[in-house]
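What follows is the structure, given as structure tokens:
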């Protein structure tokens, strides 16, 4: 069969519900912190099943656009619902486990080496990265740039040219995993606290403690809603 005659992809019903919710938020002037109508109400008004509404809300939750509070409803985390196409979410879900495996393998070793090899200048950059992340979070941001600076500073402090080159080759994928993690509800302050524990072990020259703290941090990074999401519902 010719490629031009391959089966057409039809939008899943929950994708259509996502689009309607995006329009509703824009038309209603809802803001971050506001609550969406209950699932039952949405299902009745849209003429779909509650299952389709629930699947649509999961897609929004996976993207860090809403927070579902059990027993308390669904609340906006952003001013608008600019939704990523489901196909891109599926592809990122496929990539993410490999990226997390690579990060754990390399970054735990980098933290261990940093505790053994760091200079005063390295430690100053690690501290500056922590301060930047803290300031971002206090300003209501997710701390993405400070997080990037922190991991880059730990990599530099390890003084391993080959490991640093390996990290550069997957920089885009690492950034993707960072964003995925930090947009989880209440994740940025937890990530900052974990960074501070890693930094303290590096400061004290405690190689095993630094590696363990990094491993614990990366296990937290791996706990994201995307990996639990089933695109077929």
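In this note's numbering, the protein residues as written are 1 to 233.
Beta carbons are placed, not taken as given, at the ideal position from N, Cα and C, and that holds for glycine.
Option in the options with minimal Cα separation from residue i
{"i": "residue 130", "options": "108, 101 and 198", "result": "198"}
{"i": "residue 105", "options": "59, 133 and 216", "result": "216"}
{"i": "residue 116", "options": "64, 154 and 47", "result": "154"}
{"i": "residue 103", "options": "58, 31, 28 and 171", "result": "171"}
{"i": "residue 85", "options": "78, 176, 60 and 210", "result": "60"}
{"i": "residue 109", "options": "229, 200, 186 and 163", "result": "163"}
{"i": "residue 142", "options": "107, 123, 95 and 187", "result": "187"}
{"i": "residue 65", "options": "219, 151, 140 and 185", "result": "185"}
{"i": "residue 18", "options": "58, 34, 95 and 28", "result": "58"}
{"i": "residue 226", "options": "25, 16 and 88", "result": "88"}
{"i": "residue 228", "options": "97, 27 and 28", "result": "97"}
{"i": "residue 221", "options": "145, 230, 179 and 203", "result": "179"}
{"i": "residue 27", "options": "81, 127, 101 and 194", "result": "81"}
{"i": "residue 232", "options": "136, 139 and 55", "result": "55"}
{"i": "residue 120", "options": "147, 205 and 175", "result": "205"}
{"i": "residue 248", "options": "22, 139 and 168", "result": "Summary: the structure shown does not reach residue 248, with the chain confined to residues 1 through 233, and so no result is reported for it."}
{"i": "residue 138", "options": "175, 93 and 189", "result": "189"}
{"i": "residue 175", "options": "147, 140, 193 and 25", "result": "147"}
{"i": "residue 288", "options": "140, 230 and 134", "result": "This structure cannot speak to residue 288, because the chain is shown only from 1 to 233."}
{"i": "residue 74", "options": "92, 44, 30 and 93", "result": "30"}
{"i": "residue 34", "options": "125, 72, 15 and 43", "result": "72"}
{"i": "residue 230", "options": "194, 193 and 93", "result": "93"}
Test item: CB-CB of residue i and residue j under 8 Å
{"i": "residue 224", "j": "residue 191", "result": "no"}
{"i": "residue 76", "j": "residue 48", "result": "no"}
{"i": "residue 157", "j": "residue 114", "result": "yes"}
{"i": "residue 112", "j": "residue 211", "result": "yes"}
{"i": "residue 83", "j": "residue 63", "result": "yes"}
{"i": "residue 50", "j": "residue 67", "result": "no"}
{"i": "residue 46", "j": "residue 20", "result": "yes"}
{"i": "residue 149", "j": "residue 132", "result": "yes"}
{"i": "residue 99", "j": "residue 160", "result": "no"}
{"i": "residue 79", "j": "residue 32", "result": "yes"}
{"i": "residue 95", "j": "residue 173", "result": "yes"}
{"i": "residue 183", "j": "residue 123", "result": "no"}
{"i": "residue 136", "j": "residue 127", "result": "no"}
Residue i - partner residues in DSSP beta bridges
{"i": "residue 35", "result": "75"}
{"i": "residue 187", "result": "Paired residue(s): none; residue 187 is not in a bridge."}
{"i": "residue 66", "result": "76"}
Counted within 10 angstroms of its Cβ, other Cβ atoms place residue i as buried (16 or more) or exposed
{"i": "residue 41", "result": "exposed"}
{"i": "residue 70", "result": "exposed"}
{"i": "residue 52", "result": "buried"}
{"i": "residue 201", "result": "buried"}
{"i": "residue 219", "result": "exposed"}
{"i": "residue 101", "result": "exposed"}
{"i": "residue 1", "result": "Any reading at residue 1 must be qualified, since the residue scores a pLDDT of 45, below 50, and its modelled position is unreliable; the value itself is stated next. Under this definition residue 1 is an exposed residue."}
Mind pulling the beta strand (DSSP E) runs of 3 or more residues that sit fully within the region 71-156? 73-76
Ignoring anything shorter than 4 residues, give me the alpha helix (DSSP H) runs that lie fully in the region 167-220, in order along the chain. Within the region 167-220, the complete alpha helix (DSSP H) runs of at least 4 residues are 171-182 and 187-203.
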